[in-house]
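Participant:
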Amino acid sequence: MSAEAADREAVSGSRPCTPPQASWFEFLLDPSLLEQHLQGRHPAPPPPGLLFQVNLKSHKAMPEHWGNYFFAQPNSTYIWTWIFLMKCGYSRNYILSDFLFLSFCLIDSLTIPVLNMLLNELLCASRVPPGVKHVDLDLSTLPPTTAMAVLIYNRWSVAIRTIVLSSFPEKQTKPGPHQLNMMSLVQQEKELTDNILSVLREQAADSITVLEGALNIKKDFYIHTLRTLDLLAADPSTANGETESSTAGLRISADHLHCQVHYDLGGIHFQQGCSDPSVYEKAREHFRMARELLTKLDSSASLCCVDEQRLAGYWSACKTLTEASDPSESQLTPYGQISCFMRNHDYGALIEAFIRDNVTLSLPNSFRHSIQLELLHKLQQGDRSLEEVCHKLCVCNAVRDALEGGVLSVSFHQLLLKPSKNTISFLLEVCTRSLDKEHRSETSKRKMAIFIKTVCNRLEDVSLAFTVSSHKLFMELLHDEEKKILMEQMRKTSATVNLSAKQLPSFYDIPASASVNISQLEQQLILSLDPRHIRQILIELHGMAERPFWRVNSKWEVPVDYVNVILAIKDNLTRDLVYILMAKGLHCISIKDFAHARQLFTACLELVTEFSPKLRQVMLNELLLMEVRGHEAGAAEGNMERPPPDLVSRVRGYLEMRIHDLPLRQTVGEECVVFMLNWRENEYLTLQVPQSLVNSNPYIKLGQLIASTCKELPGPKESRRTAKELWEVVVQICSVSSQHKRSSDGRVSLLKQRESSLVNEVTAEHISIWPSSLANLQSVDVEAVVVTLKELVNYALSLNPNNQSWLCTQADIYFVTNQYSAAMHYYLQAGTVCSDYFTKPVPPDVYTDQVLKRMIKCCSLLNCHTQVAVLCQFLREVDYMTAFKALQEQNSHDSMDSFYDYIWDVTILEYLTYIHHKRGESDKRQVAIKAIGQTELNSSNPEEVLQLAAQKRKKKFLQALAKLYF
978 MSAEAADREA VSGSRPCTPP QASWFEFLLD PSLLEQHLQG RHPAPPPPGL LFQVNLKSHK
1038 AMPEHWGNYF FAQPNSTYIW TWIFLMKCGY SRNYILSDFL FLSFCLIDSL TIPVLNMLLN
1098 ELLCASRVPP GVKHVDLDLS TLPPTTAMAV LIYNRWSVAI RTIVLSSFPE KQTKPGPHQL
1158 NMMSLVQQEK ELTDNILSVL REQAADSITV LEGALNIKKD FYIHTLRTLD LLAADPSTAN
1218 GETESSTAGL RISADHLHCQ VHYDLGGIHF QQGCSDPSVY EKAREHFRMA RELLTKLDSS
1278 ASLCCVDEQR LAGYWSACKT LTEASDPSES QLTPYGQISC FMRNHDYGAL IEAFIRDNVT
1338 LSLPNSFRHS IQLELLHKLQ QGDRSLEEVC HKLCVCNAVR DALEGGVLSV SFHQLLLKPS
1398 KNTISFLLEV CTRSLDKEHR SETSKRKMAI FIKTVCNRLE DVSLAFTVSS HKLFMELLHD
1458 EEKKILMEQM RKTSATVNLS AKQLPSFYDI PASASVNISQ LEQQLILSLD PRHIRQILIE
1518 LHGMAERPFW RVNSKWEVPV DYVNVILAIK DNLTRDLVYI LMAKGLHCIS IKDFAHARQL
1578 FTACLELVTE FSPKLRQVML NELLLMEVRG HEAGAAEGNM ERPPPDLVSR VRGYLEMRIH
1638 DLPLRQTVGE ECVVFMLNWR ENEYLTLQVP QSLVNSNPYI KLGQLIASTC KELPGPKESR
1698 RTAKELWEVV VQICSVSSQH KRSSDGRVSL LKQRESSLVN EVTAEHISIW PSSLANLQSV
1758 DVEAVVVTLK ELVNYALSLN PNNQSWLCTQ ADIYFVTNQY SAAMHYYLQA GTVCSDYFTK
1818 PVPPDVYTDQ VLKRMIKCCS LLNCHTQVAV LCQFLREVDY MTAFKALQEQ NSHDSMDSFY
1878 DYIWDVTILE YLTYIHHKRG ESDKRQVAIK AIGQTELNSS NPEEVLQLAA QKRKKKFLQA
1938 LAKLYF
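Mapping the sequence shown onto the numbering used here, position 274 (from 1) lands on 1251, and the numbers just tick up by one.
1. Can you tell which of Leu1412, Ala1574, Lys1940, Ile1194 has the C-alpha that lies nearest to the C-alpha of Ile1229?
2. If you run the structure through DSSP and keep just helix, strand and coil, what is Val1555?
3. Helix, strand or coil for Phe1443? Go by DSSP, reduced to three states.
4. Alpha carbon to alpha carbon, what distance is there between Cys1373 and Ser1869?
5. If you compare alpha carbons, which of Leu1412, Pro1778, Asp1438 is closest to Leu1450?
6. Rounded to the nearest angstrom, what separates Glu1660 and Glu1647 at their Cα positions?
7. In whole angstroms, what is the alpha-carbon distance linking Leu1463 and Val1537?
8. Would you call Val1545 buried or exposed, if buried means 16 or more other Cβ atoms sit within 10 Å of its Cβ?
9. Along the chain, which unbroken stretches of the alpha helix (DSSP H) at least 4 residues long are found entirely within the region 1835-1892?
10. Considering only their Cβ atoms, is the gap separating Ala1926 from Asn1918 smaller than 9 Å?
11. Mind reading off the beta-carbon distance from Val1666 to Ile1683? Whole number of angstroms is fine, and I expect it under 8 Å.
12. Considering only the alpha carbon of each residue, which of Asp1826, Pro1818, Ser1798 lies closest to Tyr1942?
13. Under 8 Å by Cβ, that's how I've got Pro1640 and Tyr1539 pegged, so tell me the actual separation to the nearest angstrom.
14. Within its chain, find whatever has a CB closer than 7 Å to the CB of Ala1908; leave out the 5 residues flanking it on each side and keep chain order.
15. Tell me, to the nearest whole angstrom, how far the beta carbon of Ala1800 is from that of Gln1781; I am working on the premise that it is less than 8 Å.
16. Can you give the Cα-Cα distance for Leu1327 and Gln1237, rounded to whole angstroms?
17. Taking the beta strand (DSSP E) that Leu1099 falls in, what are its first and last residues?
18. Leaving aside the five residues before and after Val1845 along the sequence, list all residues of the same chain whose C-beta is less than 8 Å from its C-beta, in chain order.
19. Write down the C-beta distance between Ala1256 and His1246 rounded to the nearest angstrom, noting that I regard them as a contact closer than 8 Å.
20. In this structure, does DSSP put Phe1943 in helix, strand or coil?
21. How would you call Tyr1814, buried or exposed, if buried means at least 16 neighbouring beta carbons within 10 angstroms?
22. Could you check the C-alpha separation between Phe1851 and Asn1779 for me, to the nearest Å?
23. Give me, in chain order, the residues of the same chain whose beta-carbon lies closer than 6 Å to that of Val1645; leave out the 5 immediate sequence neighbours on both sides.
24. Specify the secondary structure class of Leu935 as computed by DSSP and reduced to three states.
25. According to DSSP, is Asn1200 part of a helix, a strand, or is it coil?
26. Check whether the region 1563-1577 touches the region 1625-1633, taking contact to mean three or more Cβ pairs, one atom from each stretch, closer than 8 Å.
27. Rounding to the nearest angstrom, what Cα-Cα distance links Gly1313 and Gly1290 in this structure?
28. Measuring CB to CB, does Asp1874 end up less than 9 Å from Asp1900?
29. Measuring alpha carbon to alpha carbon, tell me which residue in Ala1379, Asp1323, Leu1338 is nearest Ser1362.
30. Can you tell me whether DSSP reads Pro1488 as helix, strand or coil?
31. What separation, rounded to the nearest whole angstrom, lies between the Cα atoms of Leu1914 and Tyr1803?
32. Can the beta-carbon of Asp1232 be found less than 9 Å from the beta-carbon of Leu1270?
33. Expressed to the nearest angstrom, what Euclidean distance is found between the alpha-carbon atoms of Tyr1891 and Ala1788?
34. Pop quiz: Arg1575 and Val1585 are said to be a contact at Cβ under 8 Å. What is the actual Cβ separation, rounded to whole angstroms?
35. Looking at Leu1340 and Leu1380, is the spacing between their C-beta atoms short of 9 Å?
36. So, for Lys1932: in the same chain, excluding its five sequence neighbours on each side, which residues have a beta-carbon less than 6 Å away from its beta-carbon?
Take a look at the structure:
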């Protein structure tokens, strides 16, 4: 007994419950102890623990070139280590597989290079003919252990490691502190593993052929046991010779072998089905045979260890992918049922299954959403019959998400924008059936109540919202206070109904009797847009009750400037009629229903002309504003006809009007000035408008300065004085002073000009006409300037979205407000409009160094560091420091090596190669090497060739960025 074991035995008295554990080297010193240890009922340490210990210790003791040295000395420690590993792998208490140590411990305990080395030694020890491809061997004529060794190797190379498992994504380990020696070892092992996997993938087709050939062999096979391994250690030729006569080794029946091989072949064919769907048929057939053989074998005594759960998953997936029908099993599992319904296009049963699953919760949410996405894809391809099915599945999944406390999908929110009445009825049915009547938990009921509240709040159609609120589920689940708040919200929403969207009831449908319900008349008063109809309803109402009916709808509003004049009308009926006609007309203008607005205002004008000259002028002013807005709305939609002379004359008349004690709305004057600017009536504003009017009306003064600046812009010297005056007025407007306060709407509306020079012509080249500094910067209302600038740029781009100067300005606004993704969107859009989507070079006056540096900073702050490195090449002087610093970052959120093809600077590519080699990233290093090896980047090429290569990569890179940020 070793000294370490003796020490453990000496102190074992203090811990009688814990038996002493043997160390791995004791079994190397006395090989007979290993068999005794493994035959124990619960050996400690178990075989996996021993494997880990011996692999760790032997790996540390190996010389640098262990791959060539491992079996150079037949009697060395390493041959005993190998025999020890094989014996541990053969422990029948822990390994029920017939294939050596590969199915349980060693796969997780040893690295691929060590496994590859051990298996090659097993081939040598089993006398597999050297230099002959396995596919050329006839397994039926080989000795049993020889044939088994060939099968072991090919099963490992194809099914267990190289193809199936290596195809699954692996989580990258977070790199620790850089240690040169450790990095070197890790890099060497990684490169060696990659080389082995590459070779094995190349011979995968041969390995598949070998395994398929094994299925034709009906005789039994033999595999090494502990005794044959001892014989092999003593004399390698003895064990194999004894096995050839079938007197030694463990017998493996053909059924055991075929079951495992069918399972492995099914796995590799299933993996290949991603690129060739027809291969799924082969996979399904192999899995079917594996299932049949598995049922024949005695599981308690079977040496064939197949993951039955994984096999069942493979089988279910293959049936779905190949649309194979199996009615006997479709009733057993929920997955089978869903697959059967999809295969038979039985969508009614599919929806019923989803509703039932809302109670049982047997299907994963991801699976349910994948079914919805599959049908949605078919709908997008043109199968319109699936539209209702997709809506119902969306509802079912939304209810399931709500019951699990998840976030409702975007598709469900989109469905609630314009749902049909049938959709809402189905939603309520699903909600009712998804709550288990017998086992309703308070948590489920509360989640369902929250879901119903969300639906009510999202519905824009008030009638549908009332349908939900009147349902029994709403009454049962929501608290009284919640119901009260929701009903109040819906009542307020109902008052904002689009008047012009309703079908107008005929006046003659209103009963003339006084017994008609007042609320019914009030409802029709709200909905009607016919002036005569409105008047008749008011006559009816005033005959039934004396009260102010202009208050029926809280959304009826008239400008504050007019309220006192209207409410001063003595006759109640006339007051109500004037107020309601004006309120409805203003509402119609706001929704651009100018036809109804004209009818309402004209009727109101006829009414007030009879008794109030003041109100008559008010209505004339409102009619003028309506005509101005109507013409501007037509221009925004593409109607570029100049306004009729009559309209221009009326606008001039309003600006020059002088009537005392007449209520005037500020917005009318503003929009008249803007109207004159928009249609370039600069002559009137600069020369013909009376000076007294300019001095007395600040809007005309501002308009005159804008018109003068635009008119004289071609001559900078002459326009500098006017521009300075305009600058001072705008600064005064935006200053924090009670004397010059204006609403932001007023500022913006006066500065908005369609196709005027300030919008489309003033770019950076005209910056010299403005003063370069402010005398009193502290007095400027910065917030007002920001609001005005944002509104002005948005308005300008809405009229001319292809102006690169305004696009860059918009990008700068987003940049300084830390909205870097939006800034990149507009910087790229500015380049797009002036280069025909980057098919031509972007002019340097658009992508200046300042713009490029801002784009670089945006990408850096978005953690798109590879994009930073590529953009550094665009500068007039390549910014290597920034590029190198960006490439050192390891948390990049862009596609990294997919951008390497866009790099034309050899210095950056060389640095990439160095970085990836240092990190041990061989795949990315190869991509960088491939990029640097392109002939067109050779520094010996003529300058024209190098410039052409750079331009080609610039174009492709900018197009790639546009796809990301647009």
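The C-beta atom is built at its ideal place from N, Cα and C for all residues, glycine as well.
On a predicted model such as this, the values are computed, not experimentally measured, just so you know.
Facilitator: Quick answer:
1. Sorting Leu1412, Ala1574, Lys1940, Ile1194 by C-alpha distance to the C-alpha of Ile1229 places Ile1194 at the top.
2. Helix.
3. In the three-state scheme derived from DSSP, where H, G and I count as helix and E and B as strand, Phe1443 is classed as helix.
4. Rounded to whole angstroms, Ser1869 to Cys1373 spans 38 Å at the Cα level.
5. Measuring from the Cα of Leu1450, the nearest candidate turns out to be Leu1412.
6. For Glu1660 and Glu1647, the distance between alpha carbons rounds to 18 Å.
7. The straight-line gap from Cα to Cα measures roughly 31 Å.
8. The residue you asked about is not Val; residue 1545 is Ala in the sequence shown. With fewer than 16 other Cβ atoms inside 10 Å of its own Cβ, Ala1545 counts as exposed.
9. Secondary structure remark: continuous alpha helix (DSSP H) runs of at least 4 residues inside the region 1835-1892, in chain order: 1842-1848, 1857-1864.
10. Cβ atoms of Asn1918 and Ala1926: closer than 9 Å.
11. No, Val1666 and Ile1683 are not in contact; Cβ-Cβ is about 13 Å, not under 8 Å.
12. Tyr1942 has its Cα closest to that of Ser1798, out of Asp1826, Pro1818, Ser1798.
13. Contact between Pro1640 and Tyr1539 is confirmed by a C-beta separation of about 6 Å, below the 8 Å threshold.
14. For Ala1908, where only same-chain residues beyond five positions count, the Cβ hits under 7 Å are Tyr1877, Asp1878, Ile1880, Leu1886.
15. Actually they do not touch by this definition, with Cβ atoms about 15 Å apart.
16. So the two alpha carbons sit approximately 36 Å from each other.
17. No beta strand (DSSP E) holds Leu1099; the alpha helix (DSSP H) holding it covers 1089-1102.
18. Closer than 8 Å at Cβ, skipping near neighbours: Ile1833, Cys1836, Ser1837, Thr1859, Ala1860, Ala1863.
19. It should be pointed out that residue 1256 corresponds to Val in this sequence rather than to Ala. Between His1246 and Val1256 the Cβ distance is about 5 Å, and since that is below 8 Å, they are a contact.
20. Here Phe1943 sits in coil by DSSP.
21. Tyr1814 is exposed by the Cβ-count criterion.
22. Rounded to the nearest angstrom, the two C-alpha atoms are 23 Å apart.
23. Same-chain partners within the cutoff: Asn1598, Leu1602.
24. Outside the shown range of the chain, which is 978 to 1943, sits residue 935, and nothing can be said about it.
25. In the sequence under discussion, the amino acid at residue 1200 is Ile, which differs from the Asn named in the question. In this structure, Ile1200 counts as strand in the three-state DSSP scheme.
26. Between the region 1563-1577 and the region 1625-1633 there are fewer than three inter-stretch CB-CB distances shorter than 8 Å, so the stretches are not counted as touching.
27. Roughly 11 Å between the two C-alpha positions.
28. Asp1900 sits close to Asp1874, with the two beta carbons spaced by under 9 Å.
29. Among Ala1379, Asp1323, Leu1338, the Cα nearest to that of Ser1362 is on Asp1323.
30. Its pLDDT being 40, under 50, Pro1488 is placed unreliably in this model, and the value from its coordinates should be taken loosely. Residue state, collapsed to three classes: coil.
31. Their backbone Cα atoms lie some 31 Å apart in a straight line.
32. In this structure, Asp1232 lies near Leu1270, with their beta-carbon atoms less than 9 Å apart.
33. Put simply, the backbone Cα of Tyr1891 is about 36 Å away from that of Ala1788.
34. Contact between Arg1575 and Val1585 does not hold, since their C-beta atoms are separated by about 16 Å, which reaches or exceeds 8 Å.
35. Contact annotation: Leu1380 and Leu1340 have beta-carbon atoms that are not nearer than 9 Å.
36. Excluding positions up to five away in sequence, the list reads Phe1815.
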